[in-house]
Amino acid sequence: MAKLTSVLLFLSSVAGLSNAHPHGHEARATHQAPIGDPKLSINGIPFSTRAHWMRQANLALNAPCPFAAFGSVIVNHTAPGLGALVCTGANSNSATGNPTLHGEMAAINNCSSILTDPTGPYKFTSSQALAAFSQLTLYTNAESCPMCASAIRWAGFKEYVYGTSIDTLIKKGWGQIRISSLDIVAQSFDLGKPTRLIGEVLTEETDGFFNWQFDPEQGCPEGCGRVNGTCRAT
């Protein structure tokens, strides 16, 4: 009887695990350790430098209030001072008709072109360009969708830094696939080339780019005003 009781208790515990929701953000918050405080100096890079490049990710939009305001920059922190900008990217779905061309994907594509340009500053071979990503940091003003987060891991970036979280985007009305970057990084350990994840950097500035699209009462980003229910550059 004692043995049977032990087996039943074991099966009950397994059933409880199977009924959990490992991809839900509530489960993530409850059962997984948080990522590091973004204001710490991580990998020897101070928060002031992180903030500088997050602002550059915002500026990569080339407009004060595009609807899909997702911008990214890719930076070489082995260069002195603040580091060196390698390339930028912004969400280009509407401009290109390519539904996968999010800001991060655009930035990675641009970097590949720049690094291998025979007339450019790097003149890398394709193999050298692929290897270079392991020394670079990608900054994006909002947490990457699973597609982009996976691309970041396939590229083998040294660091991936985001601003506004997926949780915040969902609360503000954005449709999202509810798999966090933390989950993507945790489940990609077989790839090697670990990527350091640094989240929610400068959200007091990045959140404003995503608050207004589905809330007519929300103010527009700086340099924009409401016109026919949407935000337009003024």
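So the sequence shown is numbered by our numbering: it starts at 243 and just counts up by one.
Don't be surprised by glycine CBs; every beta carbon is placed ideally from N, CA and C.
Item to check | Counted within 10 angstroms of its Cβ, other Cβ atoms place residue 412 as buried (16 or more) or exposed | outcome: exposed
Checklist entry - Hey, out of 449, 457, 471 and 432, whose CA is closest to residue 464's CA? => result 449
Item to check | C-beta contact flag for residue 302 and residue 345 at 9 Å | outcome: yes
Checklist entry - In terms of alpha-carbon separation, which member of 466, 396 and 384 lies closest to residue 403? => result 384
Checklist entry - Would you say residue 399 and residue 376 are within 9 Å of each other, going by their C-beta atoms? => result yes
Checklist entry - What residue range is occupied by the uninterrupted beta strand (DSSP E) comprising residue 367? => result Premise fails: residue 367 is in no beta strand (DSSP E) and is neither H nor E.
Checklist entry - Rounded to whole angstroms, how far is the Cβ of residue 443 from the Cβ of residue 415, which I believe are closer than 8 Å? => result Contact doesn't hold; Cβ gap of about 23 Å is too wide.
Item to check | Nearest candidate by alpha-carbon position, reference residue 314, set 352, 462, 307 and 280 | outcome: 352
Checklist entry - When the Cα atoms are used, what is the spatial distance from residue 440 to residue 278? => result 7 Å
Checklist entry - For residue 302, which three-state DSSP category applies? => result coil
Next on the checklist: To the nearest angstrom, how far is the alpha carbon of residue 270 from that of residue 407?
Outcome noted: Note that residue 270 scores a pLDDT of 43, beneath 50, so its modelled location is shaky; the value from the coordinates is reported in the next line. Each residue's Cα considered, the two are about 13 Å apart.
Item to check | residue 473 versus residue 369: straight-line alpha-carbon distance, rounded | outcome: 43 Å
Next on the checklist: residue 388 and residue 350 - do their beta-carbons sit closer together than 9 Å?
Outcome noted: no
Checklist entry - How should residue 476 be labelled, buried or exposed, when 16 other C-beta atoms within 10 angstroms of its C-beta is the threshold for buried? => result exposed
Checklist entry - For residue 281, which residues of its own chain have a beta-carbon under 6 Å away from its beta-carbon, when the five flanking residues on both sides are left out? => result 289
Checklist entry - Helix or strand or just coil, what does DSSP make of residue 327? => result strand
Item to check | Local conformation of residue 332 per DSSP, three classes | outcome: strand
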